Amino acid sequence: MISLKKELPAHIAIIMDGNGRWAKERNLKRTAGHEEGANTVRRITKHCAKLDIKFLTLYAFSTENWNRPILEVEFLMRLLNKHLKKELVVYLENNIRFKAIGDLSRFSKSLQNTIQETQNKTKKCTGLTQVLALNYGSRNEITRALQKLVDNKLDITEENISASLDTSFMPDVDMLIRTSGEVRLSNYLLWQNAYSEMFFTSTYWPEFTSLELDDMLSDFDNRERRFGGI
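Residues in the sequence shown are numbered consecutively from 103, following this note's numbering.
Structure representation (structure tokens):
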């Protein structure tokens with residue numbers, strides 16, 4: 103177990119990137135990369151639970167991902183459905199609560215039911231909360247939040263916007279990680295990342311390990327977070 107001088111980040115957010123390139127370099131289908139990426143989700147989630155991290159938010163499917171080839175999208179929907187059903191035991195054994203954010207209305211009723219069922223069956227878990235961002239885009243989320251305020255005739259304030267976001271149940275991001283070597287946010291938790299510490303690695307998501315996460319946590323521990331102050 104790593105030893106830190108200060109507190110662990112309460113909220114880690116990860117852009118899980120590089121599944122397709124990982125598969126291509128091994129002459130495998132892109133679907134094989136997504137399957138291996140799902141295995142990494144399990145490993146990293148369990149590790150965060152052991153570290154007593156409070157929130158882990160994973161960018162699983164963006165609003166832009168619908169533009170991928172239809173066969174790949176259909177595979178991802180099946181993989182997500184299968185993954186959630188399979189992981190329920192892991193969640194319960196490790197006291198992990200599952201939550202989903204994003205506009206879920208575009209998913210099939212079957213997948214929506216699986217998501218809701220997994221949330222319901224883990225709602226009493228008190229350890230790590232694993233959050234999957236599904237059909238999620240930050241601009242879409244902020245737009246929906248503002249529309250709620252307009253509909254309810256509420257003032258447009260930072261507090262009211264935060265309370266109307268999909269992420270209202272958790273704190274802002276402390277630590278953002280993106281794998282695969284890309285250095286951009288890709289419309290992910292733009293509001294919530296206002297003061298996050300950002301980490302970018304060339305490692306593809308299927309190869310990302312608990313050891314590399316621990317190294318990043320040690321780096322995080324040595325950073326001085328000023329939140330705009332001196």
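We put the CB at the ideal spot given by N, CA and C, even for glycine. The model shown is predicted, which means the values in this text are computed figures rather than measured ones.
Alpha helix (DSSP H) segment containing residue i, residue limits
i    : result
A247 : S240 to D253
E261 : E260 to S266
M318 : S312 to N324
For residue j and residue i, the rounded distance between their alpha carbons
i    : j    : result
S266 : F157 : 19 Å
L313 : Y306 : 14 Å
F310 : D317 : 12 Å
T269 : S240 : 11 Å
S234 : T228 : Looking at the sequence shown, residue 234 is not Ser but Leu. Taking the straight line joining both Cα atoms gives about 17 Å.
I244 : A125 : 34 Å
N197 : L186 : 15 Å
S264 : R128 : 43 Å
F177 : R132 : 10 Å
N254 : A247 : 11 Å
L262 : V275 : Looking at the sequence provided, one finds Asn at residue 262 rather than Leu. For N262 and V275, the distance between alpha carbons rounds to 18 Å.
R328 : T159 : 23 Å
P273 : N183 : 27 Å
N324 : E299 : 11 Å
N222 : V285 : 36 Å
I279 : F200 : 20 Å
L319 : T147 : 15 Å
E326 : L130 : 42 Å
V143 : S282 : 15 Å
S207 : T165 : 12 Å
V191 : T231 : 15 Å
W168 : H113 : 27 Å
G120 : S304 : 9 Å
M179 : E189 : 15 Å
A202 : A140 : 16 Å
Q294 : A134 : 32 Å
Run of the beta strand (DSSP E) containing residue i, from where it starts to where it stops
i    : result
L278 : M277 to R280
E299 : E299 to F302
Exposure of residue i, with buried meaning 16 or more beta-carbon neighbours within 10 Å
i    : result
P111 : buried
A296 : exposed
G330 : exposed
V252 : exposed
D321 : exposed
L173 : exposed
D154 : exposed
F209 : buried
F271 : exposed
P171 : exposed
N237 : buried
T259 : exposed
L256 : exposed
In DSSP terms, what residue i is bridged to
i    : result
T231 : F157 and R199
L236 : F163
I117 : Y161 and R280
Cβ-heavy atom distance, residue i to the ligand ZN, below 7 Å
i    : result
Y161 : In the structure shown, the ligand ZN is absent, as is every other ligand, since no ligand is present at all.
Inside the stretch 138 to 212 only - alpha helix (DSSP H) runs reaching at least 4 residues: 172 to 195
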